[in-house]
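Quick note, the sequences are listed as chains H and U, same order.
Numbered according to the numbering used here, the first sequence spans residues 246 to 754.
Numbered according to the numbering used here, the second sequence spans residues 246 to 754.
Just so it is clear, CB atoms sit at the ideal spot from N, CA and C, and this is done for glycine as well.
Predicted model only: the values in this text are computed from it and were never measured.
Number of protein chains: 2
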Amino acid sequence: MEEIIEHHVEEEEEEDKEERRRSQAPSFLESLAGSSGTHSNTPGSTQSSHRLLAYSDALISIIATVMILPVAHTKIGDNEELKESVQVLLTTKIGVYLMTFLIVTVAWAAHVRLFQVIVRIDDCLALLNLACMMLITFLPYTFSLMATFPENHLGILLFCGCVMVIGLMQALVVVYAFSRPFLLNEQIQSSEDQKVYKHHILQVILKVPIMCFLASIFSFIFLQLSYVLLAIVIFLPYISQFLKWCRSKAIGQEEPPDPELLYRPSEPLSKERVEAFSDGVYAIVATLLILDICEDNVPDRETVRTVYNGSLVSALRDYGPEYLAYFGSFVTVGLLWFVHHSLFLHVTKTTRFMGLLNTFSLAFVGGLPLAYQLTHEFPRNSHNELEAIQVSCVIIFFAGINQLGIWVVALYSEQETLHPYVHYAGREHVFMLAKLALYPCVALGTFFLTCILSKFSAPIFHLMEIAVPLAFVVLRLLVRAALAVLRLLLCPERPNPRTVVEEEDALVI
Amino acid sequence: MEEIIEHHVEEEEEEDKEERRRSQAPSFLESLAGSSGTHSNTPGSTQSSHRLLAYSDALISIIATVMILPVAHTKIGDNEELKESVQVLLTTKIGVYLMTFLIVTVAWAAHVRLFQVIVRIDDCLALLNLACMMLITFLPYTFSLMATFPENHLGILLFCGCVMVIGLMQALVVVYAFSRPFLLNEQIQSSEDQKVYKHHILQVILKVPIMCFLASIFSFIFLQLSYVLLAIVIFLPYISQFLKWCRSKAIGQEEPPDPELLYRPSEPLSKERVEAFSDGVYAIVATLLILDICEDNVPDRETVRTVYNGSLVSALRDYGPEYLAYFGSFVTVGLLWFVHHSLFLHVTKTTRFMGLLNTFSLAFVGGLPLAYQLTHEFPRNSHNELEAIQVSCVIIFFAGINQLGIWVVALYSEQETLHPYVHYAGREHVFMLAKLALYPCVALGTFFLTCILSKFSAPIFHLMEIAVPLAFVVLRLLVRAALAVLRLLLCPERPNPRTVVEEEDALVI
Chain H
246 MEEIIEHHVE EEEEEDKEER RRSQAPSFLE SLAGSSGTHS NTPGSTQSSH
296 RLLAYSDALI SIIATVMILP VAHTKIGDNE ELKESVQVLL TTKIGVYLMT
346 FLIVTVAWAA HVRLFQVIVR IDDCLALLNL ACMMLITFLP YTFSLMATFP
396 ENHLGILLFC GCVMVIGLMQ ALVVVYAFSR PFLLNEQIQS SEDQKVYKHH
446 ILQVILKVPI MCFLASIFSF IFLQLSYVLL AIVIFLPYIS QFLKWCRSKA
496 IGQEEPPDPE LLYRPSEPLS KERVEAFSDG VYAIVATLLI LDICEDNVPD
546 RETVRTVYNG SLVSALRDYG PEYLAYFGSF VTVGLLWFVH HSLFLHVTKT
596 TRFMGLLNTF SLAFVGGLPL AYQLTHEFPR NSHNELEAIQ VSCVIIFFAG
646 INQLGIWVVA LYSEQETLHP YVHYAGREHV FMLAKLALYP CVALGTFFLT
696 CILSKFSAPI FHLMEIAVPL AFVVLRLLVR AALAVLRLLL CPERPNPRTV
746 VEEEDALVI
Chain U
246 MEEIIEHHVE EEEEEDKEER RRSQAPSFLE SLAGSSGTHS NTPGSTQSSH
296 RLLAYSDALI SIIATVMILP VAHTKIGDNE ELKESVQVLL TTKIGVYLMT
346 FLIVTVAWAA HVRLFQVIVR IDDCLALLNL ACMMLITFLP YTFSLMATFP
396 ENHLGILLFC GCVMVIGLMQ ALVVVYAFSR PFLLNEQIQS SEDQKVYKHH
446 ILQVILKVPI MCFLASIFSF IFLQLSYVLL AIVIFLPYIS QFLKWCRSKA
496 IGQEEPPDPE LLYRPSEPLS KERVEAFSDG VYAIVATLLI LDICEDNVPD
546 RETVRTVYNG SLVSALRDYG PEYLAYFGSF VTVGLLWFVH HSLFLHVTKT
596 TRFMGLLNTF SLAFVGGLPL AYQLTHEFPR NSHNELEAIQ VSCVIIFFAG
646 INQLGIWVVA LYSEQETLHP YVHYAGREHV FMLAKLALYP CVALGTFFLT
696 CILSKFSAPI FHLMEIAVPL AFVVLRLLVR AALAVLRLLL CPERPNPRTV
746 VEEEDALVI
């Protein structure tokens, strides 16, 4: 059972060694650079990039998620049918949210790859990175413009302008970092062909700005074409990755990765940054909920005096469903985070496809504030209420099923992506699967319940949400009991409890 | 110049060693526990607490900051005098914001101390922690109730109820962790008197719930007294810390800390978690700004057609000041983060007093969305506009001066709290001081400019904000030039550039 800990420690040790190698390299490289003449001034104070990256992750994850607020704040009249309203929403605001989420995630992935090459920073790089962040946070606004005025080319021009400036800044970052090689990844530092790397990285980075430049020119001639170009920019990495994965699975053998080029799109994402980004999304979603409560559900002094005869308790009683909805949604977000956390404890490397599934999962998690708004907005036992619950179930289902997808994909190449103690069908393996399957199953079950039972209501739904943590505990006991029964059936001759414990260990290893 | 890196590496190595010691301890302690009979079942899968803490930090920092939104969203009529409106705001919403920020920070500090004792987690602890988080995110709502209905005891009862439940859960966490000693800090694990530790920690944790219990009882008898009790709960750690610090400075000698009790209130906070919490606050403040832009500044289709004759460009031109305000505010937040980041690169240990100053600095940073709202809300050249700029200057000034305070306090005990290369008056030291002094000076200067020049306007203010990064570059050059001149004046006999570089290094060390 101690393998988890020891494995982590080993990893840390390795990271630590690498860190040491990296940090010792500068003095060596400085002398090299000094003699070759490419680098003349003193290195100045370089810093570990850890905190800059953590801050960038926090910023990007919040920006990706926060665009759900305009969706959630859209008022839906009680008279209208929810379906129609949702369709109207779908065409514009949900579109803006999803587009923002995907494009911001693409920008984030590019940022991750860039800072896998540049491992140390100095003040100049930190300021350049902040300028990039400022433009990335401006992207959602350009999407809002595009969605509201799709026939006007101003939105697309603004968007392309931002992307081009971001691209140029990133190119500047690369040029700057290569002029001070002690900032770079150790692999590139020790390579003799730094110029090849530099040109390759610049090529990859400048591809997107060039496509945006084309799109902005086409926007004057033929607007639809520039939207198509933009869609290609956004989805190309996803589509190409998916096609490659399908092909490699169909043929049965993977293409050997080019060991020369570190900066290839199929390079796995840094696990630490995937976790930081996901944490940001879960945290902002959980807190957006209470923000609505605080802004909308504090009764007015005047209302309490006139409508409720000065009784605050009875005024608050009317908000009961909101509190229930809040706690239900918070529990759901918290437990989805908990499952994600458990999952990534077992993961050693995130491939691009796993990152893609994680993005999809997070995009649905970001939709939870919408589910929260919908489920407490409608009068009880109305048709709309049932449909709101169904929308919530769909959102939770897809958030959960994509997490399950990450696990399935990780199992395909478990030697590379998972810790050895979850490889085979031990207790940890079964338990992880049970954890991951819980939310999709519950969501699916609830969905069908709403179809059958017309008496199903939002409070019941929220009570179910709050009850799910108990299911985790029950699950754990069930898995243990099932394994114990199996053990008794298979080897009933061992009465010594110590041996059973040992065997349990053996199962896990 | 390499000391920074090497020092970091050394630290990491030490942390790493400690980590290894900790993780090896369980097997030893298990056998101990097994023989003494206090611990019978298998340890289960324990995990490093790193990610749980990062997620908690993100949640708590967002919750602390997000209550500025109701303040910023308060509409101030153009006719009213800003001063009066601000006074009305001050009494309720700003009060709620500050109270929330301080109480949430107290809860966070308690959380930090708790998880300095418990260094590993398992699923059960993770779920308990999430439940605590849920109740912490509910605290702002109880404050809103208290502020709106100060004469009703419902708000205070709800608040006390939440705090008591949080306290009981934390006590449960402690009891659970002490029943599985491999989850604990190595120092406590190897101690023989675990029970003493446990009782001491439980005493400290349960102090606050007990005071809240008293406050909730007094709320039925004499409401004012329970508010006083609550204020004591919130401010006691700060006041006692401040008094202790004053006394130790006045007498000139510090009390020797009790080496037996790890869990004392004066225990320095984990630097990593202070950074994570601060990052969360800066990130949410930076993104709250763009949220307002996206929700409010996308023109209506109908308006554009009727008012602007279908010209989107002229419609957007009216929003010009908003964009400028956005970029100005983002730059300010970004650079305050940058200064904070530079400062904490030099810090090795955060004492409680430094943590307190950091909290104050962050509370003002959280006020920046208010500054942003005020500065672009009023018509140009009105009296209100100038006062809005003055409010912004005050907020920025206090955010900056508290950062400077952290540095000054750190210098008081520099042997413990700072890296050795910034101890003496080297280049890094001067440069750090210049960075820290920049924002307070600019804010103070701008404040006096607004008093003298009646033509000073919000766009000029925002352009100034955007221009500050250039000041950083100029500063760097100025510091270098000044040091070079000093060197020439003091030792003009050395013509060899190599020697100068070496001497520069010597200055830094």
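**Asked** Does any C-beta atom of chain U lie closer than 8 Å to the C-beta of residue 734 of chain H?
**Response** By one-based count along the first sequence, residue 734 of chain H stands at place 489. By this cut-off, residue 734 of chain H is not an interface position.
**Asked** Within 8 Å (strictly less), CB to CB, does residue 438 of chain U reach chain H?
**Response** Here residue 438 of chain U refers to the residue found at position 193 when the second sequence is read from its first residue. No, because no Cβ of chain H sits closer than 8 Å to the Cβ of residue 438 of chain U.
**Request:** Just the chain A side, please: which residues come within less than 9 Å of residue 399 of chain H by C-beta, in chain order?
**Result:** Within the model displayed, chain A is absent; protein chains H and U are what it includes.
**Request:** Could you give the DSSP three-state label for residue 698 of chain U: helix, strand or coil?
**Result:** As a working mapping, residue 698 of chain U is identified with position 453 in the second sequence. In this structure, residue 698 of chain U counts as coil in the three-state DSSP scheme.
**residue 592 of chain U - partner residues in DSSP beta bridges** = As a position in the second sequence, residue 592 of chain U is number 347, starting the count at 1. Beta-bridge pairing links residue 592 of chain U to U:663.
**Asked** If the cut is a Cβ gap below 7 Å, which residues of chain U does residue 311 of chain H touch?
**Response** By one-based count along the first sequence, residue 311 of chain H stands at place 66. Counting only Cβ-Cβ distances below 7 Å, residue 311 of chain H has contacts in chain U at 532 and 536, in chain order.
**Message:** On the DSSP letters alone, give me the boundaries of the alpha helix (DSSP H) that residue 294 of chain H sits inside.
**Reply:** As a first step, residue 294 of chain H is located in the first sequence; it is residue number 49 there, counting from the start. Looking at the DSSP string, residue 294 of chain H is not in any alpha helix (DSSP H), and its letter there is neither H nor E.
**Prompt:** Can you tell me whether residue 562 of chain H is buried or exposed, with buried defined as 16 or more other CB within 10 angstroms of its CB?
**Reply:** Your numbering for residue 562 of chain H matches position 317 in the first sequence. By the neighbour-count rule (16 or more Cβ atoms within 10 Å), residue 562 of chain H is not buried but exposed.
**Item:** Between the CA atoms of residue 609 of chain U and residue 220 of chain U - distance to the nearest angstrom
**Value:** Residue 220 of chain U falls outside the range modelled here, since chain U spans only 246 to 754, and no answer is possible.
**Message:** Given this structure, state the Cα-to-Cα distance separating residue 398 of chain H from residue 391 of chain H, to the nearest angstrom.
**Reply:** The residue given as residue 398 of chain H occupies position 153 in the first sequence. The residue given as residue 391 of chain H occupies position 146 in the first sequence. Taking the straight line joining both Cα atoms gives about 8 Å.
**Request:** Can you give me the Cβ contacts of residue 393 of chain H inside the same chain, cut-off strictly under 6 Å, excluding the 5 residues immediately before and after it?
**Result:** Within the first sequence, numbered from 1, the residue matching residue 393 of chain H stands at position 148. The beta carbon of residue 393 of chain H sits closer than 6 Å to no other beta carbon from its chain once the five residues preceding and following it are set aside.
**Prompt:** When the Cα of residue 600 of chain U is compared with those of U:538, U:521 and U:454, which residue comes out closest?
**Reply:** Position 355 of the second sequence, counting from 1, holds the residue named residue 600 of chain U. Nearest C-alpha to residue 600 of chain U: U:521.
**Asked** Run through DSSP, which three-state label would residue 365 of chain U get?
**Response** As a first step, residue 365 of chain U must be located in the second sequence, where it is residue number 120. If DSSP states are grouped into helix, strand and coil, residue 365 of chain U belongs with the strands.
**Request:** State yes or no: is the beta carbon of residue 393 of chain U nearer than 8 Å to at least one beta carbon in chain H?
**Result:** Within the second sequence, the letter at position 148 stands for residue 393 of chain U. Residue-level contact by beta carbon holds for residue 393 of chain U and chain H, with a gap shorter than 8 Å.
**Request:** Throw me the rounded Cβ distance for the residue 603 of chain H and residue 641 of chain H pair, which I believe falls under 8 Å.
**Result:** Looking up residue 603 of chain H in the first sequence gives position 358. Looking up residue 641 of chain H in the first sequence gives position 396. A Cβ-Cβ distance of about 16 Å is found for the pair residue 603 of chain H and residue 641 of chain H, leaving them out of contact under the 8 Å criterion.
**Asked** Whose CA, out of U:304, U:689 and U:294, lies closest to the CA of residue 385 of chain U?
**Response** Here the question's residue 385 of chain U lines up with position 140 in the second sequence. That would be U:304, whose Cα lies nearest to the Cα of residue 385 of chain U.
**Prompt:** Using 8 Å as the threshold, is the segment 524-542 of chain U in touch with the segment 300-317 of chain U, meaning 3 or more CB pairs across them?
**Reply:** Yes: the two stretches touch, three or more of their Cβ pairs being nearer than 8 Å.
**Prompt:** Taking Cβ positions, are residue 361 of chain U and residue 515 of chain U nearer each other than 8 Å?
**Reply:** In the second sequence, the residue the question calls residue 361 of chain U occupies position 116. In the second sequence, the residue the question calls residue 515 of chain U occupies position 270. Yes. Within cutoff.
**Message:** Please classify residue 315 of chain H as buried or exposed, where buried requires at least 16 neighbouring CB atoms within 10 angstroms.
**Reply:** Numbered from its first residue, the first sequence carries residue 315 of chain H at position 70. Buried.
**Prompt:** Counting contacts by CB-CB distance shorter than 8 Å, is residue 586 of chain H in contact with chain U?
**Reply:** Counted from its first residue, the first sequence places residue 586 of chain H at position 341. It does: the Cβ of residue 586 of chain H has a partner Cβ on chain U nearer than 8 Å.
**CB of residue 309 of chain U within 8 Å of CB of residue 614 of chain U, strictly** = Indexing the second sequence from 1 puts residue 309 of chain U at position 64. Indexing the second sequence from 1 puts residue 614 of chain U at position 369. Not in contact: residue 309 of chain U and residue 614 of chain U (Cβ atoms no closer than 8 Å).
**Prompt:** residue 363 of chain U and residue 459 of chain U look like a contact to me (Cβ under 8 Å); what is the Cβ gap, rounded to whole Å?
**Reply:** Taking the second sequence and counting its residues from 1, one reaches residue 363 of chain U at position 118. Taking the second sequence and counting its residues from 1, one reaches residue 459 of chain U at position 214. With a Cβ gap of about 28 Å, residue 363 of chain U and residue 459 of chain U do not count as contacting.
**Asked** How many angstroms separate the CA atom of residue 388 of chain H from the CA atom of residue 491 of chain U?
**Response** One-based indexing of the first sequence puts residue 388 of chain H at position 143. One-based indexing of the second sequence puts residue 491 of chain U at position 246. So the two alpha carbons sit approximately 54 Å from each other.
**Same chain, Cβ closer than 7 Å to residue 542 of chain H, five either side skipped, listed in chain order** = Within the first sequence, residue 542 of chain H is the residue found at index 297, counting from 1. Here residue 542 of chain H has 564 and 567 as same chain residues with Cβ atoms under 7 Å from its own Cβ, once five neighbours each way along the sequence are excluded.
**Distance, residue 301 of chain U Cα to residue 734 of chain U Cα** = Position 489 of the second sequence holds residue 734 of chain U. Position 56 of the second sequence holds residue 301 of chain U. Between the C-alpha atoms of residue 734 of chain U and residue 301 of chain U there is a straight-line separation of about 54 Å.
**Message:** Just list the residues that DSSP pairs residue 429 of chain U with in beta bridges.
**Reply:** Against the second sequence, residue 429 of chain U aligns to sequence position 184. As a beta-bridge residue in DSSP terms, residue 429 of chain U pairs with U:363.
**Message:** Can you find the residues in the same chain that come closer than 6 Å, C-beta to C-beta, to residue 292 of chain H, ignoring five residues on each side of it along the sequence?
**Reply:** As a position in the first sequence, residue 292 of chain H is number 47, starting the count at 1. The beta carbon of residue 292 of chain H sits closer than 6 Å to those of 366, all from its chain and outside the five residues before and after it, given in chain order.
**Message:** Within the continuous alpha helix (DSSP H) that includes residue 514 of chain H, where are the two ends?
**Reply:** Your numbering for residue 514 of chain H matches position 269 in the first sequence. Residue 514 of chain H -> no alpha helix (DSSP H), and no H or E assigned at all.
**Request:** Mind listing the chain U neighbours of residue 389 of chain H? Cutoff is C-beta to C-beta under 7 Å, in chain order.
**Result:** In the first sequence, residue 389 of chain H corresponds to position 144, counting from 1. Listed along chain U, the residues sitting closer than 7 Å to residue 389 of chain H by beta-carbon distance are 539 and 543.
**Message:** Rounded to the nearest angstrom, what separates residue 446 of chain H and residue 419 of chain H at their Cα positions?
**Reply:** Numbered from 1 along the first sequence, position 201 holds the residue referred to as residue 446 of chain H. Numbered from 1 along the first sequence, position 174 holds the residue referred to as residue 419 of chain H. Between the alpha carbons of residue 446 of chain H and residue 419 of chain H lies a distance of about 8 Å.
**Message:** Taking only three categories from DSSP, how would you classify residue 387 of chain H?
**Reply:** Position 142 of the first sequence, counted from the first residue, corresponds to residue 387 of chain H. DSSP places residue 387 of chain H in helix when its eight states are reduced to three.
**Message:** Let's see if you can read the secondary structure: which residues bound the alpha helix (DSSP H) around residue 339 of chain H?
**Reply:** Reading the first sequence from its first residue, position 94 is the one you call residue 339 of chain H. Boundaries for residue 339 of chain H: no alpha helix (DSSP H) harbours it, and the DSSP string shows neither H nor E there.
**Segment contact flag, the segment 674-685 of chain U with the segment 581-589 of chain U, C-beta cutoff 8 Å, min 3 pairs** = Segment contact: the segment 674-685 of chain U against the segment 581-589 of chain U, three or more CB-CB distances shorter than 8 Å; contact assigned.
**Prompt:** According to the neighbour-count rule (16 or more other Cβ atoms, all chains shown, within 10 Å of its Cβ), is residue 708 of chain U buried or exposed?
**Reply:** By one-based count along the second sequence, residue 708 of chain U stands at place 463. With fewer than 16 neighbouring CB atoms inside 10 Å of its own CB, residue 708 of chain U falls in the exposed class.
**Best match in H:348, H:294, H:557 and H:638 for proximity to residue 411 of chain H [C-alpha to C-alpha]** = For the purposes of this step, residue 411 of chain H is identified with residue 166 of the first sequence, where counting begins at 1. The shortest CA-to-CA distance from residue 411 of chain H to any of H:348, H:294, H:557 and H:638 is the one to H:348.
**Item:** residue 664 of chain H beta carbon less than 8 Å from that of residue 593 of chain H
**Value:** In the first sequence, counting from the first residue as 1, residue 593 of chain H sits at position 348. In the first sequence, counting from the first residue as 1, residue 664 of chain H sits at position 419. The Cβ atoms of residue 593 of chain H and residue 664 of chain H sit closer than 8 Å to each other.
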